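Data first, discussion second: the structure below is written as structure tokens.
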Amino acid sequence: MTSPAARTDAIALLARYYAAFNAGHWEGMLECLSDDVAHDINQGERVVGKAAFAEFLKHMERCYKERLEDIVLMASEDGTRASAEFVVHGEYLATDEGLPEANGQTYVLPAGAFLAIAGGKITRLTMYYNLGDWTKQVVG
Numbered sequence: 001m002t003s004p005a006a007r008t009d010a011i012a013l014l015a016r017y018y019a020a021f022n023a024g025h026w027e028g029m030l031e032c033l034s035d036d037v038a039h040d041i042n043q044g045e046r047v048v049g050k051a052a053f054a055e056f057l058k059h060m061e062r063c064y065k066e067r068l069e070d071i072v073l074m075a076s077e078d079g080t081r082a083s084a085e086f087v088v089h090g091e092y093l094a095t096d097e098g099l100p101e102a103n104g105q106t107y108v109l110p111a112g113a114f115l116a117i118a119g120g121k122i123t124r125l126t127m128y129y130n131l132g133d134w135t136k137q138v139v140g
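Residue numbers for the sequence shown follow the UniProt record's numbering, beginning at 1 and rising by one.
What follows is the structure, encoded as structure tokens:
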């Protein structure tokens with residue numbers, strides 16, 4: 001049975017998650033995730049679990065400084081599926097394995113995410129952005 005507040009609750013969860021991202025509050029992001037969260041990394045593998053996600057955040061913090069703007073959040077009526085569209089404003093801080101050399105390049109990149117939600121937590125996060133566009137911006 002669908003609760004009338006399900007969509008609102010899902011949007012509020014995503015708002016907390018992305019506010020924590022923009023604040024650099026990794027613990028706040030992790031609090032929004034289920035223990036067995038599945039994270040589909042853009043053009044990469046699926047990793048499972050909060051511990052794996054925490055390691056991903058450490059890696060991202062080392063290589064990138066990012067802020068999301070123009071965030072639009074959407075959710076299904078039953079609150080089990082959601083999406084986010086945003087523009088990433090970033091700085092490439094340290095060379096990421098297999099990618100061009102970093103020297104503080106900045107980039108602006110449209111991106112999006114599809115999410116699954118259960119029990120008031122994000123259970124799946126699938127990220128999408130155009131890696132070719134990002135590469136063109138950082139290679140110059």
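No residue lacks a Cβ here, since even glycine has one placed at the ideal position from N, Cα and C.
Predicted model, so just to flag it, every value in this text is computed and none were measured.
By DSSP's criteria, residue i is part of a beta bridge. Which residues make up the other side?
i      : result
ALA38  : VAL48 and ARG124
ALA116 : ARG81 and ARG124
MET74  : SER83
From the options, pick the residue whose C-alpha is nearest to that of residue i; which is it?
i      : options                       : result
VAL108 : GLY49, LEU115 and LYS136      : LYS136
MET60  : SER34, ARG7, ILE71 and THR95  : THR95
HIS89  : ALA15, LEU14, LEU33 and ASP70 : ASP70
LEU99  : ALA54, CYS63 and GLY28        : CYS63
LEU30  : THR8, ALA10, ALA54 and LEU73  : ALA54
ALA6   : LYS58, GLY24 and GLY79        : GLY79
Can you grab the Cα-Cα spacing for the pair residue i / residue j, in whole Å?
i      : j      : result
ASN42  : SER76  : 23 Å
ASN103 : LEU68  : 21 Å
THR106 : TYR18  : 20 Å
VAL87  : ALA38  : 23 Å
GLU45  : LEU125 : 12 Å
SER34  : ALA116 : 10 Å
Going by other Cβ atoms of all chains shown within 10 Å of its Cβ, with 16 needed for buried, is residue i buried or exposed?
i      : result
GLU66  : buried
ALA23  : exposed
ALA82  : buried
VAL138 : buried
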